[in-house]
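Asker:
There are 2 protein chains.
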Amino acid sequence: MPIATKGAVKTLSSLDIERLGSPVVLSNTYHLMLRPGVEVIRNAGGLHRFMGWNGAILTDSGGYQVFSLADRRTVTEDGVLFASPIDGSKHILTPELSIEIQRALGSDIVMCFDEVVALPSDRETVASAVDRTTRWAVRCKETFEKTRSGSINPGALLFGIIQGGTDDELRRRSAEGLLKIGFDGYAIGGLSVGEPFEDALITLDALVPSLPTDKPRYFMGGAQPHQIVEYVKRGIDMFDCVLPTRNARHGHLYRFVHDDLSQSDFYEVVNVTNAKWKGSTEKIGTTGRTGRQDGQGHDPVVPYVLSSGRPDFNEELSRFSMGYLHHLFDTEEMLGYRLATVVNVSFYLELFRRLRG
Amino acid sequence: MPIATKGAVKTLSSLDIERLGSPVVLSNTYHLMLRPGVEVIRNAGGLHRFMGWNGAILTDSGGYQVFSLADRRTVTEDGVLFASPIDGSKHILTPELSIEIQRALGSDIVMCFDEVVALPSDRETVASAVDRTTRWAVRCKETFEKTRSGSINPGALLFGIIQGGTDDELRRRSAEGLLKIGFDGYAIGGLSVGEPFEDALITLDALVPSLPTDKPRYFMGGAQPHQIVEYVKRGIDMFDCVLPTRNARHGHLYRFVHDDLSQSDFYEVVNVTNAKWKGSTEKIGTTGRTGRQDGQGHDPVVPYVLSSGRPDFNEELSRFSMGYLHHLFDTEEMLGYRLATVVNVSFYLELFRRLRG
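Order-wise, the sequence lines are chains U and R. Numbered per this note's numbering, the first sequence spans residues 33 to 389. Numbered per this note's numbering, the second sequence spans residues 33 to 389.
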């Protein structure tokens, strides 16, 4: 899922995302409640209409952002009181309010409001957050059911969020608690927060087999392409990831190197601001090198064609060269950030198409 | 003509410009020779291929920029020696070199290299610039003819530039000199540089009747919509204008108010960053108010539909609201600058369609 934190995937319009072929974007309750405010979006007829997006929207509950971004927060059993970093104004988020806001936004996939803790934390802190997240999940489910009728999107789904850090027993306890309540999908929160990649894999190895096979499993947070391959192997279905869009704005482009996704070197990240790209006539939509020499001792560039997405967007990828993109970054033209974003989001979407086979 | 100073119309891709339906863009010899350099564009196969643009390109000769932007310039009969404001490196532009560069860029409409003077200047200075511009125009024409064979765009046109400030006699002298040499079109330079609008009109009234009716007349430089109407009345066919793109980046949007272009209030400029647009559900592609009350005492919003351009771009205009655009500017999302640019370039293109009738 590309990330539309504030109602727009950075540099792209909703029409662009449709052209790229992404079925869903993620947006953030926390950011939208502060700007433009829930009432503005409610009056617009919901977030889909506000941002002109015909696909699906998953909304964060605000739990993660309240813990990582807000000023002066106070956590009680009721919820979280916090100050806006924009203007210092006081706000509150409770499980009930988070669900009501997500209903007002018209989200297709509503997330439970959870308590997030930083890692590493002592076991007691993590255990306390797990148990509170489960108690809050009960309140989220109740509010979700109560607000179904009258909602602009009564067919929405509700996902629970499994916490527990890298402690297998706490993860199991969290999962069992949520399974008893029953959700439409299960998210794994509190990973990809700075812990070693191996620890995340071990956690998933222990946790995922206990999840139902007929419900989506959503890994919350960013992951590099080779990490995504490993997570998918372990049964993850959904990701949100800020890396393709954020890296694009620094000129870092993802490109396939070869077709064997079981090798972690199947992709490369090139920096288009590097002087070596000045004057390059290589197309931005090509995938980089095969990594294997052909008969003449060359390492050929392998083109790829997007297998989905609206065909007019393939033109966006095939028309421009790396040399042009280098020039756009050199002269700080906004178009450069946009084309780089198109390249990276295309790469991630193509990766998922390949993983689905 | 939208302006692609450095090989990109600010915030838009060449594909966007095609979708908007503009047949031609303007680009700048001066900016491109400094970055990325002529050799990069020559190796890319010309500017059209470099920027992925299938329409026509008019290139400035560099005359205006050398006089207005370059550091430490020295003008001789041969040409202009100047230092790059980017890195201080020394460069020279002569009539011959300017034409050769424009040929290498593959420009469709090549402009003569002219001497520009600031207004107001004393009559002697203006007269001297007129005469030098005529002598340089001879050299430009010679070089243009000599470089036709072997050019990547042998069908290109060459335009002469009439100087002379607001002095009718000097303007006539300039025009006569250029007409004797013979060009494919005639540009009027050195207006729209801070002189009163009335003075520009008086100058055009005196000058334009002396120009041939079967060659295009190009007014160089920016103009507000009501000024363009007056210039077109006086026989001008072509404009370049930075206003729609520059104003867009400040949130200033052009909108039609009514259909009577003979009234100078046929348009308005609204500032989408203004708090009054917060939460507005009005579509960005609508044209504003009629300025006349209907039967119910309301002042209705009149929608307009782009009569040309690729239909998928009308979607870009009809899908997003002023409230969404306000939010994008408020949160400094790059998409805001791009959508505002789409609105303003659409407005100017629509204005020209209406003027052609």
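No residue lacks a Cβ here, since even glycine has one placed at the ideal position from N, Cα and C.
Would you report the Cα separation of CYS144(U) and ILE193(U), rounded to the nearest angstrom?
Answerer: 6 Å
Asker: My output table needs one value for LEU137(U): the three-state DSSP class, helix, strand or coil.
Answerer: helix
Asker: Taking DSSP as the reference, what is the three-state secondary structure of LYS310(R)?
Answerer: In this structure, LYS310(R) counts as coil in the three-state DSSP scheme.
Asker: Please state whether DSSP places ARG342(R) in a helix, a strand or coil.
Answerer: Unreliable positioning characterises ARG342(R) in this predicted model, as indicated by a pLDDT of 49, which lies under 50. The coordinate reading is nonetheless provided below. In the structure shown, ARG342(R) sits in coil (DSSP, three-state: anything other than H, G, I, E or B).
Asker: Hey, quick one: how far does the beta strand (DSSP E) through ALA88(R) stretch, first residue to last?
Answerer: 88 to 92
Asker: Mapping DSSP to helix, strand and coil, what is HIS123(R)?
Answerer: strand
Asker: Counting C-beta neighbours from all protein chains within 10 Å, is the total for GLY39(R) 16 or more, i.e. buried, or is it exposed?
Answerer: buried
Asker: Grab the span of the beta strand (DSSP E) containing ASP199(U) for me, first residue to last.
Answerer: Looking at the DSSP string, ASP199(U) is not in any beta strand (DSSP E), and its letter there is neither H nor E.
Asker: Check whether the segment 80 to 93 of chain R touches the segment 371 to 387 of chain U, counting contact only when three or more Cβ pairs, one atom from each stretch, lie closer than 8 Å.
Answerer: no
Asker: Leaving aside the five residues before and after ALA159(U) along the sequence, list all residues of the same chain whose C-beta is less than 7 Å from its C-beta, in chain order.
Answerer: LEU202
Asker: If you reduce the DSSP assignment to three classes, tell me which class ASP103(R) lands in.
Answerer: strand
Asker: Quick check on GLY226(R): buried or exposed, where buried means 16 or more other Cβ atoms within 10 Å of its Cβ?
Answerer: Burial call: exposed.
Asker: Would the segment 130 to 142 of chain U count as touching the segment 69 to 78 of chain U if we require 3 or more Cβ pairs under 8 Å?
Answerer: yes
Asker: Tell me, please, which residues DSSP counts as bridged to VAL301(U).
Answerer: TYR286(U)
Asker: Helix or strand or just coil, what does DSSP make of ASN279(U)?
Answerer: Judged by DSSP in its simplified three-state form, ASN279(U) adopts helix.
Asker: Could you tell me which chain R residues have their CB closer than 9 Å to the CB of ASN75(U), listed as they occur along the chain?
Answerer: Within 9 Å Cβ-Cβ: GLY311, THR313 and GLY355.
Asker: Answer yes or no: do VAL274(R) and ILE124(R) have a C-beta to C-beta separation smaller than 7 Å?
Answerer: no
Asker: Counting only beta-carbon atoms, is PRO241(U) nearer than 7 Å to chain R?
Answerer: no
Asker: Determine, using beta carbons only, whether GLY94(R) and THR126(R) come nearer to each other than 7 Å.
Answerer: no
Asker: Assess, as a yes-or-no matter, whether the segment 106 to 123 of chain U is touched by the segment 47 to 61 of chain U under the definition of 3 or more beta carbon pairs within less than 8 Å.
Answerer: Touching, no.
Asker: So with CB distances below 9 Å, who are the chain U contacts of MET403(R)?
Answerer: This structure gives no information on residue 403(R), because the portion of chain R shown stretches from 33 to 389.
Asker: Using DSSP with H/G/I as helix, E/B as strand and the rest coil, what is ARG386(U)?
Answerer: DSSP places ARG386(U) in the helix class (H, G or I) of the three-state scheme.
Asker: DSSP on ILE234(R), reduced to helix/strand/coil?
Answerer: helix
Asker: Under the DSSP definition of a beta bridge, which residues are partnered with LEU58(U)?
Answerer: ILE35(U) and LEU90(U)
Asker: Just reading off the beta strand (DSSP E) that ALA219(R) is part of, what are its end residues?
Answerer: 217 to 220
Asker: Going by beta carbon distance, what residues of the same chain come within less than 6 Å of THR277(U), once the five residues before and after it are set aside?
Answerer: LYS42 and THR373
Asker: Against chain R, does LYS212(U) count as a neighbour if the rule is that its beta carbon must be under 7 Å from one of theirs?
Answerer: no
Asker: Are there 16 or more other CB atoms within 10 angstroms of the CB of SER339(R), so buried, or fewer, so exposed?
Answerer: Below a pLDDT of 50, predicted positions are generally treated as unreliable, and SER339(R), at 41, falls in that range; no measurement from the model is reported.
Asker: In terms of residue numbering, what span does the alpha helix (DSSP H) encompassing VAL162(U) cover?
Answerer: 155 to 178
Asker: Check whether the segment 305 to 313 of chain U and the segment 355 to 373 of chain U are in contact - that is, three or more C-beta pairs closer than 8 Å.
Answerer: yes
Asker: What is the residue span of the alpha helix (DSSP H) that PHE251(R) lies within?
Answerer: Not the alpha helix (DSSP H): PHE251(R) falls in the beta strand (DSSP E), residues 249 to 251.
Asker: Measure from the C-beta of VAL334(R) to each C-beta in chain U and report whether the shortest distance is under 7 Å.
Answerer: Low confidence applies to VAL334(R): its pLDDT is 49, below 50, so where it sits in the model is not reliable, and the reading given next is rough at best. Taking Cβ atoms only, chain U never reaches closer than 7 Å to VAL334(R), which makes this a no.
Asker: Closer than 7 Å between beta carbons: that is the criterion. Which residues of the segment 65 to 97 of chain R meet it against chain U?
Answerer: ARG67, PRO68, VAL72, ASN75, ALA76, PHE82, MET83 and GLY84
Asker: Between the segment 355 to 369 of chain U and chain R, which residues of the former have CB atoms less than 7 Å from a CB of the latter, in chain order?
Answerer: GLY355, TYR356, HIS359, LEU360, ASP362, THR363, GLU365, MET366, LEU367 and TYR369
Asker: When the cut-off is 7 Å and only beta carbons count, does SER45(R) lie next to chain U?
Answerer: Look at SER45(R): its C-beta is under 7 Å from a C-beta on chain U.
Asker: Quick check: the Cα distance between GLY120(R) and ASP103(R), rounded to an integer number of angstroms?
Answerer: 8 Å
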